[in-house]
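Here's the structure, in structure tokens; my notes come after.
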Amino acid sequence: MTKTNAITTAAKGLAAQPAQAVGASATEDLTQVFRLTTQGNENIFNVSVNGIAGVIEIPQGFYVGTTLAEALQQRINQIEDTTGNVGGGITVKYDSTTNNFTFTNGTTGRDSTIKVRGSNKFGLDDVDLGVGSVPQIYNLQQATNSDGLNLFVDASGNKVTTPPANLVDGFFPLYIDEGELTFDKSGRILSPKQGVHYEKQEAGFSIDLDIDFTKSTQLAQPFFVSTVNQDGFTSGRLDGLEVDANGTVRANYTNGQNNPLGKLVLANFNNQNGLKQIGNATYVETAVSGTATVGEAGAEGFGTVLSGSLERSNVDITEELVNLITAQRNFQANAKSIETTAATTQAIVNIRM
């Protein structure tokens with residue numbers, strides 16, 4: 032479809048809109064009383080209304096946001112050019128919720144303009160130009176080529192005479208204007224997928240730039256996550272320690288990750304039986320055992336580490352019990368011999384007496 036010239040500049044039921052200039056939030060809370068001074072020219076404001084420009088000066092004194100808005104409105108409506116034309120009908124409102132000022136022109140339509148510049152203390156140091164608007168109604172007609180064949184637009188944006196495969200009989204596709212955005216149900220942009228080139232707007236506001244809408248989304252929230260690409264791990268807490276066969280000490284965490292902390296060092300001796308036990312399964316080297324040879328678990332000449340296990344007794348219990356019984360019998364036999372010897376000695380002593 033093609034769009035013809037507007038058949039009316041006043042759309043049905045829609046009124047032309049006035050120009051508005053909306054300031055940013057003030058740096059101070061203007062609901063509270065503040066003092067307006069000449070410091071930094073904070074009481075000087077540059078205003079242009081429908082092309083009529085002027086500089087206004089607000090008297091020093093104590094104000095709040097609403098009284099400053101009244102003072103601005105009164106003086107803006109007194110601006111006039113050299114021919115006596117005045118930019119009257121301006122209203123200035125202070126919004127205590129957003130802590131900013133809004134300037135609304137008294138005229139409507141595309142010729143309605145307003146520009147305000149003032150101190151950043153009042154959020155007026157970078158206010159966009161306000162331009163009015165007029166709703167328009169357009170006639171839509173099927174576009175055709177020089178041979179009278181209907182024209183369509185393919186997925187690449189080229190004009191073709193072949194209709195889309197999904198075109199329903201009795202219906203015609205409707206193509207949007209350049210720069211008009213359409214989105215799917217999830218808020219992702221459908222069109223335009225390529226950059227849009229702008230050469231100009233209305234007279235007096237000519238621009239030449241390219242705009243890329245590919246990353247635009249139809250999401251009203253101040254913050255919205257459209258996609259998530261997870262490339263890390265969730266947070267975890269220390270769950271325990273383990274030692275592998277090579278002696279590496281690892282820390283295990285609740286998120287399934289583990290980190291190596293260090294490695295155990297093993298010592299070997301030429302004569303392990305020559306070690307001297309000093310208690311609690313602790314040994315020290317001696318001249319008989321030789322000096323210690325230090326290395327890693329699993330290396331040649333060294334064993335491996337079995338974590339969480341206790342060493343099994345290296346004593347033959349049966350043999351030790353037999354030795355214990357033998358020693359006990361020898362003790363008992365020796366004790367009996369001593370007892371017999373003592374009795375015999377006592378008997379001899381008694382005979383002599």
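If you read the sequence shown in our numbering, its first letter stands for residue 32, the second for the next number, and so on. We put the beta carbon where it would ideally sit given N, CA and C, even for glycine.
8 Å contact criterion, which V64 and V95 should meet: CB distance rounded: 6 Å
Beta-bridge partners of K124, as assigned by DSSP: T133
Span separating the alpha-carbon of N108 from that of R66: 24 Å
The region 328 to 336 in contact with the region 361 to 374 per 3-pair CB rule at 8 Å: no
Extent of the continuous beta strand (DSSP E) run through E88: I83 to E88
Of the listed residues T376, T371 and D60, nearest to T128 (C-alpha basis): D60
Buried or exposed (CB count within 10 angstroms, at least 16 for buried), A318: exposed
Residues sharing a beta bridge with Q308, DSSP: Y314
Inter-residue spacing [alpha-carbon to alpha-carbon] between E351 and G326: 35 Å
Segment limits, beta strand (DSSP E) that includes Q104: Segment G96 to I107 is the alpha helix (DSSP H) holding Q104; no beta strand (DSSP E) there.
Same chain, Cβ closer than 6 Å to G271, five either side skipped, listed in chain order: N283
Proximal residues to F153 (C-beta, below 6 Å), its chain only, five neighbours per side dropped: A57
C-beta atoms of R10 and D275 nearer than 8 Å: The structure shown does not extend to residue 10, since the chain is modelled only from 32 to 384, so the question has no answer here.
Short Cβ contact (8 Å threshold) for I145 with A50: yes
Cβ shell of T97 (< 7 Å), same chain only, five flanking positions each side left out: Y125
For I242 and R148, the rounded distance between their alpha carbons: 27 Å
For S222, three-class secondary structure by DSSP: strand
Distance CB(I89)-CB(A100) smaller than 8 Å: no
Beta-carbon proximity check, N181 vs Q172, cutoff 8 Å: no
CA-to-CA distance, T349 to A358, given in whole angstroms: 14 Å
Cβ-based neighbour list, L212, same chain, cut-off 8 Å, excluding 5 preceding and 5 following: I220, S222, P223, F244, S247 and Q249
Residues bridged to G326 [DSSP beta-bridge criterion]: L297
Contacts around A328, its chain only, beta-carbon distance under 6 Å, and the 5 residues preceding and following it disregarded: N277, G278, L297, T335 and V336
E370 - DSSP class collapsed to helix/strand/coil: helix
I87 versus L240: straight-line alpha-carbon distance, rounded: 35 Å
DSSP-derived helix/strand/coil call for A358: helix
Option nearest G321 by Cα separation, candidates V315, K216, Y314 and F300: F300
Cβ-Cβ separation, N74 to Q91 (assumed contact under 8 Å), whole Å: 6 Å
Of the residues L295, N260 and V53, the one placed nearest V158, counting alpha carbons only: V53
Beta-carbon contacts of Y314 that lie in its chain and below 6 Å, excluding the five residues immediately before and after: L306 and Q308
DSSP-derived helix/strand/coil call for I382: helix
Three-way DSSP call (helix, strand, coil) for E350 in this model: helix
Beta-carbon proximity of G115 to N136, cut-off 8 Å: no
Sheet register partners of N77 (DSSP bridge): V86 and R148
The beta strand (DSSP E) enclosing E387, as first and last residue numbers: There is no way to answer for residue 387, as the model of the chain reaches only from 32 to 384.
Proximity below 8 Å, CB of N286 to CB of S266: yes
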